[in-house]
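S.K.: For reference, the structure I am asking about is given below.
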Amino acid sequence: MATMYDVPADDLIEALAEDLEERLDEPDWAQFTKTGADRELPPEQEDFWAVRAASLLRKVADRGPIGVERLATEYGGAKGGSTRYRVAPAHRTDGSRNLIRTILQQLEEEGLVETAEGEGRRVTPDGQSLLDDTAGDVLEELDRPELERYA
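Heads up, the sequence shown is in our numbering, so the first residue is 6 and it goes up one at a time.
Structural data, given as structure tokens:
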């Protein structure tokens, strides 16, 4: 049986996003919001909400229990410090906590993530089985000889 560690993360996230796209509802405001202070525009992907939800589910399963603050740090980036009149180095900024919190709440409603009191959020057995089942499907579809030993 394949686990989420046996397949490349980008392939797993892509397959999970296809499944979560039907299960999660993107809020109306999501098309207008940026993913962090370091961004200039909202994301242009059509399935951004599902891809971010899949990525969050994988991160919570890998690093959980983990809180919104730490996840916001993971999804952050560098904000340019220069303006027209002065030159300043770039500063580190966090990702959007509202976006992360809303997706985690939706994943909780689906029963894939649960809140651990005082520790953050962790994946439920249903969420872990979804990850492992999806990883098994991805591993079967992959045509990479170096991954055949996990099949």
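Even glycine gets a Cβ: it sits at the ideal position worked out from N, Cα and C. In this text the structure is predicted, and so the values were computed from the model without any measurement.
(1) CA-CA distance, residue 21 and residue 96?
(2) Give the C-beta separation of residue 82 and residue 98 to the nearest angstrom, bearing in mind that I take them to be a contact with Cβ-Cβ under 8 Å.
(3) Does DSSP classify residue 57 as helix, strand or coil?
(4) Please report the distance separating the alpha-carbon of residue 12 from that of residue 140.
(5) Under a Cβ-count criterion, where at least 16 other Cβ atoms within 10 Å of its own Cβ denotes burial, should residue 36 be classed as buried or exposed?
(6) If you drop the 5 nearest sequence neighbours on each side, which residues of the same chain put their C-beta closer than 7 Å to that of residue 54?
(7) At 4 residues or longer, and completely inside the region 74-130: list those alpha helix (DSSP H) runs for me, N to C.
(8) Just to confirm, are residue 71 and residue 132 a CB contact at a threshold of 8 Å?
(9) Pick helix, strand or coil for residue 72, following the three-state DSSP scheme.
M.R.: With the given structure in hand:
(1) The residue you call residue 21 lines up with position 16 of the sequence shown. The residue you call residue 96 lines up with position 91 of the sequence shown. One C-alpha to the other measures close to 33 Å.
(2) Within the sequence shown, residue 82 is the residue found at index 77, counting from 1. Within the sequence shown, residue 98 is the residue found at index 93, counting from 1. Yes, residue 82 and residue 98 are in contact; Cβ-Cβ is about 7 Å, under 8 Å.
(3) Your numbering for residue 57 matches position 52 in the sequence shown. Helix, per DSSP.
(4) As a first step, residue 12 is located in the sequence shown; it is residue number 7 there, counting from the start. As a first step, residue 140 is located in the sequence shown; it is residue number 135 there, counting from the start. Taken atom to atom, the span from the alpha-carbon of residue 12 to that of residue 140 is near 6 Å.
(5) As a working mapping, residue 36 is identified with position 31 in the sequence shown. Answer is exposed; the Cβ neighbour count stays below 16.
(6) For the purposes of this step, residue 54 is taken as the residue at position 49 of the sequence shown. Closer than 7 Å at the Cβ level, and outside the excluded window around residue 54, lie 29, 31, 35.
(7) 102-114
(8) On the sequence shown, position 66 is the one that residue 71 refers to. On the sequence shown, position 127 is the one that residue 132 refers to. Contact check for residue 71 against residue 132 fails: the beta carbons are separated by 8 Å or more.
(9) Locating residue 72 in the sequence shown gives position 67, where the first residue counts as 1. Coil at residue 72, not helix or strand.
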